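Notes for the one structure printed next.
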Amino acid sequence: MLPDHPAQRLLKVAHPIIQAPMLGTSSPQLAAAVSNAGALGSIALSASTPQQAEDMIAATRALTDKPFNVNLFCHRAPVADAVREAAWLDWLRPWFQEFGAEPPATIKNLYGSFIGDEAMLEALLRARPAVASFHFGLPDADWIRALREAGIVTLASATSLDEAERVEAAGVDMVVAQGVEAGGHRGIFDPAQGDPGIGTFALTRLLRARTRLPVIAAGGVMDGQGIAAALALGASAVQMGTAFVLCPESLANAAYRAELQSPRARHTGITAAISGRPARGLVNRIHKEVDVASGKWMSPAPRRCPITPSCMTRARRCTPPPAPAAARNSRPSGQGKARRWPVPCLPLNWWRRWCRNGRSPCSSAIGR
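Its first residue numbered 1, the sequence shown is counted upward by one per residue in UniProt numbering.
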């Protein structure tokens with residue numbers, strides 16, 4: 001018998017597991033497969049227009065009648081600085097030349113912010129996904145209220161107690177305790193304040209003790225044992241990302257999948273060089289050569305490092321390629337080597353077996 005936590009009741013799922021949104025890796029097919037297996041699948045909308053968002057929601061809904069989550073970035077829009085960005089592109093010129101390419105004229109924004117995007121709000125109110133989650137901050141409290149009044153359950157990431165208290169004050173239903181072990185972008189509200197660097201389990205216990213919200217533990221949880229540990233510490237559910245990357249429905253390419261199954265997967269690091277915001281991934285040349293320099297010129301808002309799309313496109317056309325892809329591409333990954341799950345339901349089956357063997361922390365003492 002699975003424990004009945006508030007997260008399962010609110011999200012209407014059989015298992016206390018959320019598949020992380022993972023922009024660029026998640027897909028309607030993956031989200032639907034996870035939801036059909038009894039957990040909560042997720043899709044990422046922050047690189048989508050409102051119409052594309054509605055189309056993605058419809059595509060997911062065509063594959064499942066179960067609840068799923070849509071994720072939105074809530075960051076302050078970057079302020080362009082032509083002089084600073086020109087210096088950044090000039091510093092990157094040797095990287096482009098290594099791949100036989102030229103730097104772009106400007107740095108483009110890849111990620112949209114939900115803050116102030118009324119068209120996206122209207123799209124969500126029309127489509128009415130079961131769950132909406134926020135990263136990098138929060139939309140206006142009136143917007144959160146409108147989503148909840150439309151029957152949409154709301155989640156928001158927090159990397160510290162201060163952020164979690166803001167999540168609670170805004171009227172969000174549940175808080176995602178994103179530990180420093182998590183792969184992908186850190187959900188820090190204000191990067192100027194620095195990264196608190198709190199681990200998943202320490203943050204879970206802190207938020208459980210100091211807020212009244214159900215807590216979702218996120219970061220470094222890779223299997224049933226990790227899920228059970230998080231629940232024992234007071235989490236109502238867990239959010240897992242890297243554990244689902246190897247599923248066939250994910251958009252991860254062959255090189256990314258191979259790296260996650262190689263010894264390199266044991267070595268992850270945080271860099272702001274990809275987008276201007278700190279993000280954890282497999283350590284490569286971007287971490288070692290670009291990271292320190294990027295702080296001088298990149299805006300502390302989610303944008304796209306020009307070397308990633310431009311140089312990669314050029315490199316793919318070269319025969320042979322000028323350098324291993326692992327040395328130059330972005331590979332989000334949490335701490336804790338990912339298991340190889342052939343199908344999305346296997347992480348959930350692992351959890352079911354853990355419960356059947358009597359090792360689940362199934363007791364009223366677990367709390368919310």
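Virtual Cβ for every residue (Gly too), placed ideally from N, Cα, C.
Quick caveat, the model's predicted, so the values are computed rather than measured.
Within 8 Å, strictly: CB atoms of residue i and residue j
{"i": "G38", "j": "A20", "result": "no"}
{"i": "R128", "j": "G151", "result": "yes"}
{"i": "S176", "j": "A218", "result": "A small correction: the amino acid at residue 176 is Val; Ser does not occupy that position in the sequence shown. For V176 and A218, yes; Cβs fall inside 8 Å."}
{"i": "R277", "j": "H185", "result": "yes"}
{"i": "Q239", "j": "I57", "result": "no"}
{"i": "A130", "j": "P50", "result": "no"}
{"i": "T204", "j": "A164", "result": "no"}
{"i": "L213", "j": "E149", "result": "no"}
{"i": "G183", "j": "T271", "result": "no"}
{"i": "G220", "j": "G179", "result": "yes"}
Cβ-Cβ separation, residue j to residue i (assumed contact under 8 Å), whole Å
{"i": "F244", "j": "G187", "result": "The Cβ separation is near 18 Å, so there is no contact."}
{"i": "T159", "j": "I144", "result": "That pair is no contact at about 19 Å."}
{"i": "L124", "j": "A132", "result": "6 Å"}
{"i": "P6", "j": "S236", "result": "5 Å"}
{"i": "R257", "j": "G234", "result": "Going by Cβ atoms, the distance from R257 to G234 rounds to 34 Å, so no, they are not a contact pair."}
{"i": "M120", "j": "A53", "result": "6 Å"}
{"i": "A32", "j": "L63", "result": "3 Å"}
Rounded C-alpha distance that separates residue i from residue j
{"i": "L161", "j": "E249", "result": "35 Å"}
{"i": "L10", "j": "I216", "result": "12 Å"}
{"i": "S113", "j": "V283", "result": "27 Å"}
{"i": "A232", "j": "L206", "result": "14 Å"}
{"i": "K12", "j": "Y111", "result": "30 Å"}
{"i": "A202", "j": "R166", "result": "19 Å"}
{"i": "E259", "j": "R76", "result": "33 Å"}
{"i": "L246", "j": "L30", "result": "11 Å"}
{"i": "M174", "j": "A101", "result": "46 Å"}
{"i": "I198", "j": "G281", "result": "17 Å"}
{"i": "D65", "j": "D55", "result": "16 Å"}
{"i": "R304", "j": "A279", "result": "For R304, the predicted structure reports a pLDDT of 48, less than 50, and the residue's modelled location is therefore unreliable. A value from the coordinates is still provided. So the two alpha carbons sit approximately 12 Å from each other."}
{"i": "residue 369", "j": "T60", "result": "Absent from the structure is residue 369, since the part of the chain shown begins at 1 and ends at 368."}
{"i": "T313", "j": "Q8", "result": "With a pLDDT of only 39 at T313, under the threshold of 50, the placement of this residue in the model should not be trusted, and no figure is reported."}
{"i": "V34", "j": "M222", "result": "15 Å"}
{"i": "P309", "j": "P16", "result": "The predicted position of P309 is uncertain, since its pLDDT is 41 and thus under 50; a value taken from the coordinates is nonetheless stated next. Taking the straight line joining both Cα atoms gives about 36 Å."}
{"i": "G116", "j": "P78", "result": "14 Å"}
{"i": "P322", "j": "A273", "result": "Only weak support is given to the placement of P322: the predicted model assigns it a pLDDT of 39, under 50, and the value that follows is read from those uncertain coordinates. P322 and A273: Cα-Cα distance of roughly 21 Å."}
{"i": "V172", "j": "D195", "result": "22 Å"}
{"i": "L40", "j": "A170", "result": "23 Å"}
{"i": "S48", "j": "S275", "result": "17 Å"}
{"i": "Q261", "j": "A254", "result": "11 Å"}
{"i": "T200", "j": "R93", "result": "38 Å"}
{"i": "E181", "j": "F134", "result": "19 Å"}
{"i": "F252", "j": "Q97", "result": "It should be pointed out that residue 252 corresponds to Ala in this sequence rather than to Phe. The alpha-carbon atoms of A252 and Q97 are separated by roughly 27 Å."}
{"i": "P344", "j": "N36", "result": "Note that P344 has pLDDT 48, beneath the 50 cutoff, so the model's placement of it is unreliable and the number below is only indicative. Distance between the alpha carbons of P344 and N36: 10 Å."}
{"i": "F99", "j": "E118", "result": "41 Å"}
{"i": "E85", "j": "E122", "result": "34 Å"}
{"i": "M22", "j": "N109", "result": "18 Å"}
{"i": "W95", "j": "A146", "result": "46 Å"}
Per DSSP, cross-strand counterpart(s) of residue i
{"i": "R280", "result": "G184 and I270"}
{"i": "T154", "result": "A132"}
{"i": "N69", "result": "S42 and V131"}
{"i": "M240", "result": "Q19"}
{"i": "A217", "result": "A177 and V238"}
Residue i beta carbon near the ligand PLP (any heavy atom closer than 7 Å)
{"i": "S46", "result": "Among the ligands in the structure shown, none appear at all, so the ligand PLP cannot be discussed."}
On the three-pair Cβ rule with 8 Å, is the region 261–278 touching the region 42–60? no
For the region 83–92 against the region 104–111, are there 3 or more C-beta pairs whose distance is under 8 Å? yes
Any contact between the region 53–73 and the region 24–31? By contact I mean 3 or more CB pairs, one from each, below 8 Å. yes
Counting pairs of Cβ atoms below 8 Å between the region 221–232 and the region 187–196, do you hit three or more? no
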